[in-house]
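Since the structure comes first, as structure tokens, the remarks are kept for the end.
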Amino acid sequence: MSIATAQQLDTADTVTLLTEHGGDLREDDLFSPYLADIDDAELCRIYEDLVVVRRIDAEATALQRQGELALWAPLLGQEAAQVGSARGIRPGDFVFGSYREHAVAYLRGVDPTLILRFWRGSTHSGWNPYDINMTTPAIVIGSQMLQAVGYAMGIMRDAKRDDSIHDIAVTYFGDGATSQGGFSEALGFAASSHAPVVFFCQNNQYAISAPVGIQTSVPIVQRASGFGMRGIRVDGNDVLAVLAVTRYAAERARSGDGPTLIEAVTYRMGPHTTSDDPTRYRDADELALWKTRDPIDRLLRTLEYRGLATDEMLAAVDAKADAVAAEVRKGCLETVEPRPESIFDHVYSEPHSLIEEERAEFLDYHRGGAE
Amino acid sequence: MSIATAQQLDTADTVTLLTEHGGDLREDDLFSPYLADIDDAELCRIYEDLVVVRRIDAEATALQRQGELALWAPLLGQEAAQVGSARGIRPGDFVFGSYREHAVAYLRGVDPTLILRFWRGSTHSGWNPYDINMTTPAIVIGSQMLQAVGYAMGIMRDAKRDDSIHDIAVTYFGDGATSQGGFSEALGFAASSHAPVVFFCQNNQYAISAPVGIQTSVPIVQRASGFGMRGIRVDGNDVLAVLAVTRYAAERARSGDGPTLIEAVTYRMGPHTTSDDPTRYRDADELALWKTRDPIDRLLRTLEYRGLATDEMLAAVDAKADAVAAEVRKGCLETVEPRPESIFDHVYSEPHSLIEEERAEFLDYHRGGAE
Amino acid sequence: MAKALNAGLRRSLDDDDRVMLMGEDIGRLGGVFRVTDQLQAEFGADRVVDTPLAESGIIGTAIGLAMRGYRPVCEIQFDGFIYPAFDQIVSQLAKIHTRTEGAVTVPLTIRVPYGGGIGAVEHHSESPEAYFAHTAGLRVVTCSNPDDAFGMIQQAIRSDDPVLFFEPKRRYWDRADVDLDAAPTVGLYDARVVIAGSDLTVVAYGPMVATALAAAKEAASEGTSIEVIDLRSLSPIDFDTIDRSVAKTGRLVVVHEASVFLGIGAEIAARISERCFFQLEAPVLRVGGYATPYPPSKVEQYYLPDVDRVLDAIDRSLAVE
Amino acid sequence: MAKALNAGLRRSLDDDDRVMLMGEDIGRLGGVFRVTDQLQAEFGADRVVDTPLAESGIIGTAIGLAMRGYRPVCEIQFDGFIYPAFDQIVSQLAKIHTRTEGAVTVPLTIRVPYGGGIGAVEHHSESPEAYFAHTAGLRVVTCSNPDDAFGMIQQAIRSDDPVLFFEPKRRYWDRADVDLDAAPTVGLYDARVVIAGSDLTVVAYGPMVATALAAAKEAASEGTSIEVIDLRSLSPIDFDTIDRSVAKTGRLVVVHEASVFLGIGAEIAARISERCFFQLEAPVLRVGGYATPYPPSKVEQYYLPDVDRVLDAIDRSLAVE
Ligand SMILES: Cc1ncc(C[n+]2csc(CCOP(=O)(O)OP(=O)(O)O)c2C)c(N)n1
Ligand SMILES: Cc1ncc(C[n+]2csc(CCOP(=O)(O)OP(=O)(O)O)c2C)c(N)n1
Ligand SMILES: [Mg+2]
Ligand SMILES: [Mg+2]
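Residue numbers (the working numbering), protein chains in the order written: chain P, 27 to 397; chain V, 27 to 397; chain Z, 29 to 349; chain B, 29 to 349.
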């Protein structure tokens with residue numbers, strides 16, 4: 027199996043709005059209008075989001091190193107892809123994520139300490155999906171996209187009875203996930219049903235050690251056209267381009283124009299998870315190159331150009347990040363661990379004879395042992 | 027789920043070489059050269075193939091009606107797609123079919139009576155795949171394409187050690203099968219490994235009762251480009267176009283240019299199987315329209331134009347068809363049924379304690395019963 | 029039985045407009061066994077949906093629909109075609125309620141025509157129930173007669189837990205007068221003593237209940253009194269009903285089409301051998317498929333348990349003193 | 029043990045150039061557990077292949093490679109990720125030899141790190157062996173120690189039948205001096221009596237053998253003599269070895285991590301209860317996972333059988349008079 031070269035960021039048809047080396051936003055006929063409401067204040071809030079989610083991520087990595095978490099999947103480098111897209115959708119929309127979308131969950135309003143419960147090993151979820159309209163981590167690669175399409179089909183049905191309904195479903199997944207049959211089936215079902223769903227691929231160049239060239243020799247976005255679906259490739263380290271593109275795709279879905287596949291080209295600057303050692307499979311040079319494309323620096327240069335990057339602003343952002351990080355750490359250390367017998371709690375929603383029997387034996391055994 | 031309209035035969039980019047209403051072959055810069063060796067005699071032999079395989083098919087349907095077969099999946103209407111493609115590849119190539127490629131098996135030289143053994147219920151296979159380099163029926167939709175890709179990867183490896191090897195793998199499947207994740211995975215693995223494999227889709231417009239518009243709203247051939255793969259749509263009722271296109275794709279694979287997806291647009295003129303009642307889901311008009319596009323008539327018109335359709339030739343072809351049909355019928359009626367204990371024969375290739383035990387009990391029980 | 033299922037599905041569609049049917053060929057065609065005949069015409073293509081040909085896609089999207097509040101009933105066209113959906117069933121459907129600590133319920137019913145005996149080609153005669161019964165988070169039931177078919181399918185659809193609903197396809201053509209106004213009198217997860225007896229207990233389910241009854245009848249004619257239990261639910265299993273019977277008869281034969289090795293009978297034999305250790309007068313015997321793939325139909329009668337094989341096991345059990 | 033497997037794979041690659049390894053991250057990275065460490069560097073990217081991320085694709089293409097004459101060894105990265113390949117394994121891999129009446133062999137080995145106890149997140153601690161053991165046409169084996177790991181992986185690769193090779197991931201870090209020149213002395217499908225005893229037999233496999241041995245040791249210190257059998261092969265199961273032991277001890281406890289309900293223990297309990305009906309002094313007891321999904325790691329110790337639970341079962345068995 028030959029490994030094609032990794033996809034290039036600078037493909038001509040990649041949407042980008044933040045200039046790479048400072049200066050103001052690029053104008054784009056199609057996408058700029060989607061940023062009409064992004065004034066200076068909003069730009070600063072976006073910057074804050076980027077910094078805060080990176081800080082949460084760093085704190086979680088630290089907690090893992092200290093043994094407080096069993097594992098952590100860092101989003102370092104993917105902040106713009108996640109913040110931009112999360113800001114491009116609405117609270118009523120439903121997100122089917124994978125396992126790395128901590129920033130999306132945070133922006134959808136989850137208590138950030140809940141995000142860590144999963145990685146600590148205290149739960150398989152962390153939050154109630156209906157509280158923030160977002161699923162908890164989906165670990166089996168390729169499993170969540172079909173569910174998103176089904177949910178979107180449900181929205182379509184609801185909308186037939188109530189024309190005030192314009193929700194959509196959004197699903198996140200990685201470049202590796204695009205090889206799974208479930209992904210293609212999801213594109214097929216979405217295209218043939220015209221369901222209001224946005225497929226958001228974070229192409230961070232790697233599936234653990236596998237460079238994206240192992241999955242595909244052409245840009246992932248191209249997959250869409252095979253199903254007659256709209257596809258857009260966007261610079262995933264450009265938070266504003268991601269925001270605009272997501273809003274565009276979401277609006278298409280909302281107004282009945284069907285699904286869109288977005289490929290956000292970004293880079294996983296950290297390890298796959300805290301168990302991973304990326305030096306075994308990638309060069310220092312590559313990482314160094316992508317550090318020059320850091321999504322936070324990228325926005326910062328525009329803030330600087332506009333004179334918004336005042337010491338005051340930057341200090342306030344740092345303070346906010348510190349506060350959230352402290353909250354996350356505190357929440358983690360205060361985690362109330364599940365009771366042993368919780369194993370039996372929610373296997374079924376209705377009584378089940380075997381579960382009752384095993385639970386009784388379990389309690390008996392452990393009570394017996396304690397006496 | 028909305029049902030898009032069935033794909034039209036007359037899409038501009040569909041390869042067709044036989045004219046529709048008589049006359050000689052159309053010239054095509056790319057594909058006509060692949061027919062350079064098809065002289066009048068060969069044209070007559072192709073015609074004979076079409077008639078013979080239709081006749082085998084009719085005989086099998088008759089045998090099913092008489093209770094000699096449990097089931098039969100007629101190829102009526104798809105003769106050109108199968109004969110054209112089967113003639114476009116070589117004996118050393120390996121075919122991974124679905125369950126309707128009776129004509130392909132016949133042309134690869136299987137004793138035609140063996141084809142029926144499967145449908146009679148006497149075996150799960152019928153022939154030794156290595157005898158004709160073609161698998162026996164694959165019933166689980168979408169399962170055989172990945173195997174074809176793997177086989178082709180094996181060829182690539184072999185060819186590295188022996189540069190006289192230019193075999194390819196060819197896989198057949200229907201329009202319905204393109205919805206299965208396994209199909210997309212196969213395209214993905216083939217594209218990323220550059221394996222010498224030809225994907226041959228017989229789009230016969232239906233997956234049992236489901237019109238192709240339920241599977242996709244764009245031509246199936248388009249799927250290829252999503253994987254960076256060559257795709258060709260061909261008039262599947264035009265045996266010469268199918269032959270040329272198959273040779274083209276096979277040559278690409280043979281010379282290291284990678285996989286191709288061929289979509290042969292045809293029509294299943296009969297029921298899905300002898301258990302099916304197509305009047306429940308499709309209009310008489312549609313069938314009538316496709317009857318005007320009958321693949322045998324289509325070639326016949328060109329034979330007539332060239333003065334080849336002599337009474338003598340037609341009679342000889344009929345005689346041949348009669349002979350093969352008689353042979354098939356005789357073979358079917360003479361089928362030697364499997365011994366009861368054959369159940370245990372080939373579960374494993376090496377001794378297995380549980381099988382030995384159960385076989386012994388089985389023989390004991392049935393011997394006991396007989397006494 | 030196919031008609032009874034059709035009536036049960038119609039009733040469910042009528043009772044609750046969140047119920048919807050999904051599957052290959054279930055709409056216009058009414059399903060290859062006509063179980064959904066006319067339902068698309070009656071309820072519309074939005075509630076009786078012809079899906080693309082992808083089982084994983086069917087179950088995956090149905091899970092999403094369930095999360096949005098719908099109650100999908102998915103048809104898998106034949107037993108052997110459920111495996112492409114295995115991941116969605118085993119890693120998603122079965123686990124979502126546990127994963128979310130009860131926040132998300134997935135009231136999905138998967139209808140699976142199963143079993144052999146109809147002269148079908150490969151992959152059309154499988155008995156995959158043990159895979160699902162071994163999977164925590166799923167419920168697995170199967171009907172053996174038209175009455176149960178009508179009642180149980182409605183109960184399954186009303187359940188908030190995912191239910192695998194296995195339909196014995198060789199019994200689809202069995203006829204009976206089903207009272208369409210009767211509410212089910214038995215719980216979905218209860219076994220039923222079909223005929224009482226005192227010498228030996230036969231436990232069967234789905235297609236094999238009729239076989240067990242025929243064997244019992246024949247045994248009766250020779251003076252042996254067999255108690256036949258229709259298991260109905262394979263997960264959970266109603267062991268209390270089996271226990272009670274074995275306490276009385278002291279002998280047990282379990283019958284199913286699936287391979288004996290790790291089939292449902294293994295769990296029953298294991299558990300009853302434990303629970304009734306001192307009541308059992310003979311070892312629990314199992315009659316079932318062999319440890320081979322389902323054979324070609326010309327020899328399927330040698331693979332499938334039949335009345336004679338059940339009687340043989342009964343004799344062997346009774347021979348133990 | 030990971031090192032022993034690595035050595036066994038290296039040996040297999042050396043011995044037979046039709047052997048090739050396929051899987052996610054097995055090449056450059058050497059596998060997430062480093063079982064294939066350095067093998068790509070040594071044997072090249074053609075024989076140690078980093079595949080796209082699709083388990084069904086891996087097994088499906090491996091079947092094709094096997095049909096072309098290769099002997100692929102596929103790694104499934106974690107137990108919980110085998111289900112996308114279920115259809116290819118159960119409907120294809122398992123059936124091809126039977127389907128073709130012996131014309132086609134598919135000498136494929138599927139390596140599956142399995143089981144819990146390593147503090148992992150969801151889907152990384154599954155014990156899916158019973159699904160495959162119930163599937164006719166497959167062979168299922170599992171190693172419990174580095175010595176067996178080294179020998180058994182080579183035997184599995186040499187087998188012309190498809191073999192599911194389960195590796196107990198919590199034992200990957202177990203160390204032992206493995207004699208890399210010793211040929212295996214036991215057949216791949218033979219169980220092994222690890223320690224002899226007279227009062228009670230414990231059957232375990234994979235990760236639970238160490239647990240059973242620890243329990244036996246503790247029981248010995250209290251004067252109870254336990255015979256511990258390492259099953260090694262789960263399909264077929266070497267019942268003769270178990271029989272012989274139970275004939276001697278009269279008591280049997282089976283231990284595994286998978287759910288007890290329809291786990292491997294069900295078949296053992298069912299069969300031994302039948303075969304040793306008159307020798308058994310107490311019912312066969314099973315110690316295993318509960319009928320629940322594998323729980324979050326903070327409570328996994330309550331799910332997993334441990335020395336105490338095995339001892340408890342031993343006590344309960346011995347208490348039966
Ligand atoms: C079905 C399945 N196979 C394998 C794995 C193991 N695994 C976890 S993450 C991963 C790579 C995923 O890559 P990608 O989709 O690009 O997402 P990323 O981690 O880069 O965000 C793999 C192989 C899995 N979780 N699920
Ligand atoms: C996985 C699977 N699902 C369902 C079926 C039942 N089935 C048999 S043929 C068929 C339709 C196939 O349509 P297509 O791929 O277009 O092939 P055609 O029959 O038209 O040649 C279906 C749904 C099957 N065989 N396998
Ligand atoms: Mg990635
Ligand atoms: Mg078709």
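By construction, the Cβ of each residue, glycine as well, lies at the ideal position given by its N, Cα and C atoms. This structure is a prediction, so every number in the text was calculated from the model and none was measured.
Alpha carbon to alpha carbon, how far is V/E387 from V/Q108? Residue 387 of chain V sits at position 361 when you count from the first residue of the second sequence. Residue 108 of chain V sits at position 82 when you count from the first residue of the second sequence. Distance between the alpha carbons of V/E387 and V/Q108 is about 46 angstroms.
Close Cβ partners of Z/D42 (< 7 angstroms) along its chain, the five nearest in sequence each way excluded: Within the third sequence, the letter at position 14 stands for residue 42 of chain Z. None.
Any beta carbon from chain P within less than 8 angstroms of B/G72's own beta carbon? For the purposes of this step, residue 72 of chain B is taken as the residue at position 44 of the fourth sequence. Not one chain P Cβ lies under 8 angstroms of B/G72.
May I ask you to check if the CB of P/G49 is nearer than 7 angstroms to at least one heavy atom of ligand 3? As a first step, residue 49 of chain P must be located in the first sequence, where it is residue number 23. Flag unset: Cβ of P/G49 not near ligand 3.
On the DSSP letters alone, give me the boundaries of the beta strand (DSSP E) that B/A164 sits inside. In the fourth sequence, residue 164 of chain B corresponds to position 136, counting from 1. No beta strand (DSSP E) contains B/A164, which DSSP labels as neither H nor E.
May I have all residues whose beta carbon comes closer than 7 angstroms to any heavy atom of ligand 5, sorted in chain order? With respect to ligand 5, the structure offers nothing, as its ligand set consists of ligand 1, ligand 2, ligand 3 and ligand 4.
In whole angstroms, give me the CA-to-CA distance for Z/E328 and P/F226. For the purposes of this step, residue 328 of chain Z is taken as residue 300 along the third sequence, with counting starting at 1. For the purposes of this step, residue 226 of chain P is taken as residue 200 along the first sequence, with counting starting at 1. In a straight line, the C-alpha of Z/E328 is about 50 angstroms away from that of P/F226.
Helix, strand or coil: which one does DSSP assign to Z/F61? Within the third sequence, the letter at position 33 stands for residue 61 of chain Z. Here DSSP, grouped into helix, strand and coil, assigns Z/F61 to coil.
Is the Cβ of Z/H284 closer than 8 angstroms to any Cβ of chain B? Counted from its first residue, the third sequence places residue 284 of chain Z at position 256. Answer no: the Cβ-Cβ gap between Z/H284 and chain B never drops below 8 angstroms.
Backbone secondary structure at Z/A90 - three-state DSSP: Within the third sequence, numbered from 1, the residue matching residue 90 of chain Z stands at position 62. If DSSP states are grouped into helix, strand and coil, Z/A90 belongs with the helices.
Can you find a CB in chain V that lies within less than 8 angstroms of the CB of P/S28? By one-based count along the first sequence, residue 28 of chain P stands at place 2. Reliability of the predicted coordinates at P/S28 is poor, the pLDDT of 28 falling under 50, and the value obtained from them is presented with this limitation in mind. Interface residue, yes.
Answer with buried or exposed for P/Y293, where buried requires no fewer than 16 other C-beta atoms within 10 angstroms of its C-beta. Translated into positions along the first sequence, residue 293 of chain P becomes position 267. A buried status is given to P/Y293, since no fewer than 16 other beta-carbon atoms sit within 10 Å of its beta-carbon.
Given that P/I234 touches chain V, what residues does it touch there, using C-beta distances under 9 angstroms? On the first sequence, position 208 is the one that residue 234 of chain P refers to. Ordered by position in chain V, no residue passes the 9 angstroms Cβ test against P/I234, which lies about 16 angstroms from the chain.
Closer than 8 angstroms, CB to CB, is P/P117 near chain Z or not? Mapped onto the first sequence, residue 117 of chain P falls at position 91. Output row for P/P117: interface = no.
Taking the C-alpha atoms as reference points, what is the distance between P/R80 and P/D323? As a position in the first sequence, residue 80 of chain P is number 54, starting the count at 1. As a position in the first sequence, residue 323 of chain P is number 297, starting the count at 1. Whole-angstrom Cα-Cα distance: 12 angstroms.
Chain B partners of P/S368, CB-CB under 8 angstroms? Residue mapping note: residue 368 of chain P aligns to position 342 of the first sequence, counting from 1. Within chain B, the residues near P/S368 are P323, V327.
Going by DSSP, what residue range makes up the beta strand (DSSP E) through P/M160? Position 134 of the first sequence, counted from the start, is the residue given in the question as residue 160 of chain P. Premise fails: P/M160 is in no beta strand (DSSP E) and is neither H nor E.
Taking only beta-carbon positions, decide if V/S218 is within less than 8 angstroms of chain B. The residue labelled residue 218 of chain V in the question sits at position 192 within the second sequence. Using a Cβ-Cβ cut-off of 8 angstroms, V/S218 counts as an interface residue toward chain B, since at least one Cβ of chain B sits closer than that to its own.
Strictly below 7 angstroms CB to CB, what residues from chain P border B/A82? Residue mapping note: residue 82 of chain B aligns to position 54 of the fourth sequence, counting from 1. Within chain P, the residues placing a beta-carbon under 7 angstroms from that of B/A82 are S205, Q206, G207, ordered along the chain.
Which residues in chain V sit within 8 angstroms of P/I167, going by Cβ to Cβ distance? Against the first sequence, residue 167 of chain P aligns to sequence position 141. Identification of chain V residues near P/I167 by a Cβ-Cβ cut-off of 8 angstroms yields none; the smallest Cβ-Cβ distance measures about 13 angstroms.
Would you verify that the beta carbon of Z/A158 is, or is not, closer than 8 angstroms to some beta carbon of chain B? Against the third sequence, residue 158 of chain Z aligns to sequence position 130. Taking a beta-carbon distance threshold of 8 angstroms, Z/A158 counts as an interface residue toward chain B.
What residues of chain Z sit near B/L142, judged by a beta carbon separation below 9 angstroms? For the purposes of this step, residue 142 of chain B is taken as residue 114 along the fourth sequence, with counting starting at 1. Before going further, note that residue 142 of chain B is Tyr rather than Leu in the sequence given. B/Y142 does not reach chain Z, its nearest Cβ partner there being about 14 angstroms away, counting only Cβ pairs nearer than 9 angstroms.
Residues in the same chain with beta-carbon distance under 7 angstroms from Z/R39, minus the five sequence neighbours each way, listed in chain order, please. Counted from its first residue, the third sequence places residue 39 of chain Z at position 11. If the five residues before and after Z/R39 are omitted, its C-beta is found closer than 7 angstroms to the C-beta atoms of Q182, all from its own chain and listed in chain order.
Specify, as a first and last residue, the run of the alpha helix (DSSP H) that B/C9 falls within. This structure leaves residue 9 of chain B out entirely; chain B is present only between 29 and 349.
Short of 6 angstroms in beta carbon distance, which residues of its chain neighbour B/D340, apart from the five on each side in sequence? Order them along the chain. Here residue 340 of chain B refers to the residue found at position 312 when the fourth sequence is read from its first residue. Counting only Cβ-Cβ distances below 6 angstroms, and skipping sequence neighbours, we find nothing.
Best match in Z/D268, Z/I117, Z/L280, Z/E83 for proximity to Z/V348 [C-alpha to C-alpha]: Against the third sequence, residue 348 of chain Z aligns to sequence position 320. Considering only alpha carbons, the answer is Z/L280.
Do P/H128 and P/L101 come within 8 angstroms of each other at the CB atom, strictly closer than that value? What you label residue 101 of chain P is simply residue 75 of the first sequence in a count that begins at 1. What you label residue 128 of chain P is simply residue 102 of the first sequence in a count that begins at 1. P/H128 sits close to P/L101, with the two beta carbons spaced by under 8 angstroms.
Straight-line Cα distance separating Z/A319 from V/L380: If you number the second sequence from 1, residue 380 of chain V lands on position 354. If you number the third sequence from 1, residue 319 of chain Z lands on position 291. Approximately 7 angstroms, taken between the alpha carbons.
Check each candidate in P/A314, P/M295, P/L56 and name the one with the smallest Cα separation from P/D83. Here residue 83 of chain P refers to the residue found at position 57 of the first sequence. Out of P/A314, P/M295, P/L56, the CA that lies nearest to the CA of P/D83 is found in P/M295.
Going by Cα to Cα distance, which pick from V/S169, V/T272, V/T242 is closest to B/I91? On the fourth sequence, position 63 is the one that residue 91 of chain B refers to. The shortest C-alpha separation from B/I91 is found at V/S169.
Below 8 angstroms, can you find three or more Cβ-Cβ pairs linking the region 133 to 140 of chain V to the region 99 to 109 of chain B? In the pairwise beta carbon analysis, the region 133 to 140 of chain V is classified as not touching the region 99 to 109 of chain B: fewer than three pairs are separated by under 8 angstroms.
Measure the Cβ-Cβ separation of P/V268 and P/I258 and say whether it is below 8 angstroms. In the first sequence, residue 268 of chain P corresponds to position 242, counting from 1. In the first sequence, residue 258 of chain P corresponds to position 232, counting from 1. Contact: no.
Using only the alpha-carbon positions, how far apart do P/L340 and P/E105 sit? As a position in the first sequence, residue 340 of chain P is number 314, starting the count at 1. As a position in the first sequence, residue 105 of chain P is number 79, starting the count at 1. Straight-line Cα distance between these residues: approximately 17 angstroms.
Starting from V/Q173, follow the alpha helix (DSSP H) in both directions and report where the run begins and ends. For the purposes of this step, residue 173 of chain V is taken as residue 147 along the second sequence, with counting starting at 1. Note, V/Q173: alpha helix (DSSP H), 170 to 187.
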